[in-house]
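Q: Before I ask anything, here is the structure I am working with.
In UniProt numbering, the protein residues as written are 1 to 648.
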């Protein structure tokens, strides 16, 4: 942008000179051009100013800063090495400093292999240390053991970053150019109720969207509903029989699940009904208005049921089901045919993708399309029309081979280059019951999601009443807010705190436990932290004034430990943007809460007279550490889709 500003300024000067020379025929054109250039110049200057302002307020990713510093040191020490290993991690113990650079061991191996030089890692570590450039964050480095470089941060640097956080709020780490991200998640089927199997995709997808939005990306949240296909034939035929006047009187379909089961039973047992169901599919796909109306009625009933769940869990989605891509499917088939990728097998049109044993079926022998066709159409639309830079499918692990085949087909036909466009399958395991088998009801049915949420509300209220929060502590309104916060927060956190690649055991007893790494514990810790300043009669305005004027003293080891932990937030987020594993954020929030407890138990924030209980001293810098902790926790909760309450 700076270079473009210089060029534009030069062009404007050039145009002024033309004007002075009195070149009359094109003077008007020159004026127009001059105005356009000035407009573009103003836009660029403003944009650059905003970018600089945003970057100045961004929380610094200390790990990234140290990587830059050590990257420069390694380059200066070993200029001939190509892509040397760069390993910087937080230290696990205070005696090893605050961070460690562990690159020396890797460089030893490279020198031995490529240059046949035998150099000890310790010698390499010393050479790297001598070449560390001047910087504002490192106090000193020490070489330990075989060649670890222990890094000690400067206290004034950490204090300054904490003050910036308190004054500017939790700002996202700088991530460069604003990219477009498309996230495909939730995706239930019309005419079927959402069950526990949809829980993970919905919760994980929502949280990923919140993270990318916070980081400044342009996010499109898509609900790829199963709203098209042969099942609608039997549903419409059953609708015609049960509610013959459906075109004029809205049919009172109360239980769509039962309606679906009835139509499926008839489809499996009545030959005449089955024939009529197939005719209905043909008429629906040919866009017959009466059949489109029947289809819309069925979809609307499902939508209302889905929305109840989305409202409970605070989920935002744009519906773009399989029907959206229906008109594009014939072009998809033609494109694969034109490029010579299609083979005919027993009347089916199939596409073999190198490296994948099972072909994609893009057209059935009866001329109908398949899930493969609609998934290819969706991929092309998202990459070519939506211009997604990053495309994430939050779909269960069982679909892994199918999705990887679809992605590879998209690359094969030239829709996207994986070096430019990131297409990822954020796979997840299944939800298990406490018997370690697939989570089912006692009768063996799939657990309905709405029943699960209602059970969560009941259990959360029981837990609050057990602790007698309803008697003295909370008003009726506060009790209701605490109930929904705990119920839905615990269900979300129980899912997100497990590595999504693994199966996890669903247990209300564990998730509502207020000890250990649970939402119940974190929500309670958060309300306690927020209450410290309130009970000391320190309001927000006083805290803001103190943030501007006070220096955060970090002399006590627990103050220092907490300050560093707070500032690791940007590097945690950066890691998740790369690997899409949200349990890292949950682990961090739990670590932050336990580190805060250590600090609070050892460092008086508010000192009181032992006899009277009167406040005799407020250690404002420590209250600011409390505020910084709560601010980061609040943003972490927001990314996870958890709503904390002020009183619990």
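For glycine and all other residues, C-beta sits at the position ideal for the given N, C-alpha and C.
With DSSP collapsed to three states, give me the class of residue 319.
A: strand
Q: By the three-class DSSP mapping on this structure, what secondary structure does residue 382 have?
A: helix
Q: Give the straight-line distance between the Cα atoms of residue 172 and residue 570, rounded to the nearest whole angstrom.
A: 7 Å
Q: Classify residue 638 as helix, strand or coil using the three-state DSSP reduction.
A: helix
Q: Quick check on residue 648: does DSSP put it in helix, strand or coil?
A: In this structure, DSSP gives residue 648 a state outside helix and strand, which the three-state scheme calls coil.
Q: Could you spell out where the beta strand (DSSP E) holding residue 424 opens and where it closes?
A: 422 to 425
Q: The ligand SAH and residue 280: does the residue's C-beta get closer than 7 Å to at least one heavy atom of that ligand?
A: For the ligand SAH, the structure offers nothing, since it holds no ligand at all.
Q: Quick check on the DSSP output: what are the complete alpha helix (DSSP H) runs of length 4 or more inside the stretch 434 to 509, in order along the chain?
A: Unbroken alpha helix (DSSP H) stretches of 4 residues or longer found wholly inside the stretch 434 to 509: 449 to 466 and 476 to 496, given in chain order.
Q: So the candidates are 619, 291 and 497; which of them puts its Cα closest to the Cα of residue 641?
A: 497
Q: Just verifying my parser: in three-state terms, what is the DSSP assignment at residue 632?
A: helix
Q: Is the stretch 411 to 421 touching the stretch 185 to 198, taking contact as three or more C-beta pairs under 8 Å?
A: no
Q: Name the DSSP bridge partner or partners of residue 226?
A: Bridge partners of residue 226: 189.
Q: Measuring straight from C-alpha to C-alpha, what distance separates residue 123 and residue 130?
A: 11 Å
Q: So, for residue 24: in the same chain, excluding its five sequence neighbours on each side, which residues have a beta-carbon less than 6 Å away from its beta-carbon?
A: Residue placement at residue 24 is poorly supported in this model, since its pLDDT is 43, which falls under 50; the coordinates are not used for a value here.
Q: What is the residue span of the beta strand (DSSP E) that residue 362 lies within?
A: 360 to 363
Q: Helix, strand or coil for residue 593, going by three-state DSSP, please let me know.
A: helix
Q: Could you check which residue in 98, 96, 99 and 121 has the C-alpha nearest to that of residue 108?
A: 121
Q: Please list, in chain order, all residues of the same chain as residue 328 whose beta carbon is under 6 Å from its beta carbon, the five residues on each side excluded.
A: 377
Q: Consult DSSP for residue 373 and reduce its assignment to one of helix, strand or coil.
A: Secondary structure of residue 373 (DSSP, three-state): helix.
Q: Just the C-alpha distance for residue 652 and residue 245, rounded to the nearest angstrom, thanks.
A: For residue 652 there is no data in the structure shown, the boundaries of the chain being 1 and 648.
Q: Using 8 Å as the threshold, is the stretch 583 to 590 in touch with the stretch 632 to 640, meaning 3 or more CB pairs across them?
A: yes
Q: At which residues does the beta strand (DSSP E) containing residue 348 begin and terminate?
A: Residues 348 to 351.
Q: Who are the near neighbours of residue 214 in its chain, counting only those whose CB is closer than 8 Å to its CB and skipping five residues on each side?
A: 172, 573, 635, 638 and 639
Q: Please report the distance separating the alpha-carbon of residue 527 from that of residue 493.
A: 17 Å
Q: In the structure shown, what three-state DSSP assignment does residue 575 receive?
A: helix
Q: Work out the CA separation of residue 420 and residue 162 for me, nearest whole Å.
A: 36 Å
Q: Rounding to the nearest angstrom, what Cα-Cα distance links residue 580 and residue 426 in this structure?
A: 7 Å
Q: Quick check: what's the CA-CA separation for residue 354 versus residue 402?
A: 14 Å
Q: Pairing CB atoms from the stretch 451 to 458 with CB atoms from the stretch 474 to 494, are three or more of them under 8 Å?
A: yes
Q: How is residue 148 classed by DSSP in three states: helix, strand or coil?
A: strand
Q: How many whole angstroms separate the CB atoms of residue 59 and residue 151, which I take to be in contact at a CB cut-off of 8 Å?
A: At roughly 19 Å, the Cβ-Cβ gap does not stay under 8 Å, so residue 59 and residue 151 are not in contact.
Q: From which residue to which residue does the alpha helix (DSSP H) around residue 308 run?
A: Segment 289 to 313, the alpha helix (DSSP H) holding residue 308.
Q: Residue range of the beta strand (DSSP E) that residue 255 falls in?
A: Element bounds for residue 255: n/a, residue is neither H nor E.
Q: At the level of alpha carbons, what is the spacing between residue 197 and residue 508?
A: When rounded, the separation of the alpha-carbon atoms in residue 197 and residue 508 is 17 Å.
Q: Using the three-state DSSP reduction, which class does residue 515 fall into: helix, strand or coil?
A: coil
Q: Does DSSP put residue 94 in a helix, in a strand, or in coil?
A: helix
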